[in-house]
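Worksheet: the structure to be examined is printed underneath.
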Amino acid sequence: FGNSVVFANPITDFLGDVVAHSNVNVLGNLGLDETELRLRGTGDGNHYLKYFTDGAGFDGPKLYGYGTIALQTNDMEVVLRDGRMGVGTSSPTKGRLHVSGSSLYGNATAGGFINSAGGTGVYTDYGAFDVGIYCESDLLVAGFVATESDARLKNISGISDASSDLETLMSIEVTDYTLKDVVSQGGRDFKKVIAQQVEEVFPQAVSTTSNYIPNIYEVAEIMGGEIMINADVAVGDKIKMFKEDGSELHVNVAATDANSFTVDSDYKGQVFIYGKEVDDFRGVDYDALSMLNISATQELHRLIQELHRITQDLQDENKELKNVNASFQDQLDEIKVMLNVDESNTAIK
């Protein structure tokens, strides 16, 4: 074993004879001539750690297990079982990826939510989101997204006021915009809503949490924690930036002046500074807007039906008036004949 030191604590019987060795401790590096570390017997091909290369891009360690592989700490478990992956559960049965449990994210004081307990709703003070999966980029789904909505999960208070919902919908401004983060979004055009405007007319569709905003968005040098740019930051602000290798660096502002600010990091080199973290970052529940639109559309349908009924009544009345007018005209023509009035028939054609 080269410079390694191996200690083996023997197991003895009542006569003092060694019957087995256990608790082997290796001080230093352990080198293997083969590529596999067997976790059971030599003939077992189902449980081992192996250095593997397939010549097609994969080059690194692989952990092999029969049916199940688990990685576990005192408060988290990741399990691969029967072609499924479980996070926070040892029995991933709900899909290829089964996530159980959540972590608090943000600090919201008012807004809407979508969760596994039955769709959308509104809170006035709920502290933070219980987030099971957080995605920093686009999410592509080949199938459809289903949200649990069983009536037995809910305390139903009644049918929404469609007339009021139509009025609310007409107050929401659909806006054309692009995102300031052109690096990740490519400057593409969007036609959606603005959370702050929606909050004014339909607050239950807006949530507030913490997130980073691109209010700096500059390349700069960092040396001794000092960054020589003028930015809208204050002492205590948390800043997100990216190193040259693309990895993220999260720092806190320790000091500011007119032309620079200092952060609590000893990293040296060029960085791309994204921006600071804010605690009033707003998000929109587009499902809530969709349901508002359904209710408003139902109200429009009711109004259209009402207008159709009124129009039909007016058409019937007009037809009746035309018949009455024709009768009057016939009577008038008869009177003229009786009076020997030599005039042309004045009937309205």
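Positions in the sequence shown are counted from 1; adding 5 to them yields the numbering used here. For every residue, glycine included, the Cβ atom is placed at its ideal position computed from N, Cα and C.
Simplified DSSP state of residue i, which is helix, strand or coil
i, result
"M343", "helix"
"F333", "helix"
"T98", "coil"
"Y131", "Any answer about Y131 is weak, because its pLDDT of 36 lies below 50 and its placement is not dependable; what the coordinates show is given next. Here Y131 sits in coil by DSSP."
"D181", "strand"
"D338", "helix"
"Y69", "strand"
"G117", "Caution is warranted here: a pLDDT of 40 is assigned to G117, below 50, making its placement in the model unreliable, and the coordinate value is therefore given only provisionally. In this structure, G117 counts as strand in the three-state DSSP scheme."
"T213", "strand"
"D356", "Only positions 6 to 354 of the chain appear in this structure, which leaves residue 356 out of reach."
"P219", "coil"
"D321", "helix"
"G124", "Its pLDDT being 47, under 50, G124 is placed unreliably in this model, and the value from its coordinates should be taken loosely. Three-state result, G124: strand."
Beta carbon of residue i nearer than 7 Å to that of residue j
i, j, result
"E86", "T73", "A small fix is needed here, since residue 86 is Arg in this sequence, not Glu. In contact: R86 and T73 (Cβ atoms closer than 7 Å)."
"I199", "G280", "no"
"M228", "K273", "yes"
"G230", "S265", "no"
"I138", "V84", "no"
"V289", "V211", "yes"
"D194", "T183", "yes"
"L54", "L76", "no"
"A301", "D170", "yes"
"S107", "V150", "no"
"V240", "V256", "no"
"N216", "F286", "yes"
"Y56", "T78", "no"
Buried or exposed (CB count within 10 angstroms, at least 16 for buried), residue i
i, result
"K245", "buried"
"V187", "exposed"
"E304", "buried"
"Q275", "exposed"
"F207", "buried"
"P66", "exposed"
"I221", "buried"
"S142", "exposed"
"G91", "buried"
"A331", "exposed"
"T214", "buried"
"A236", "buried"
"L297", "buried"
"Q201", "exposed"
"V224", "exposed"
"S96", "exposed"
"A147", "exposed"
"V329", "exposed"
"Q310", "exposed"
"I315", "exposed"
Bridge partner(s) assigned by DSSP for residue i
i, result
"V136", "S108"
"M90", "L85 and L102"
"T78", "Answer is none; T78 lacks a bridge partner."
"V256", "I244"
"V224", "F277"
> Which full runs of the beta strand (DSSP E) of 3+ residues lie inside the region 227-254, going along the chain?
Replying inline: 243-247
> Which ranges would you report for the beta strand (DSSP E) in the region 258-318 if only whole runs of at least 3 residues count?
Replying inline: 266-268 and 274-289
> Where are the alpha helix (DSSP H) runs, 4 residues long or more, that stay fully inside the region 133-176, in chain order?
Replying inline: 167-174
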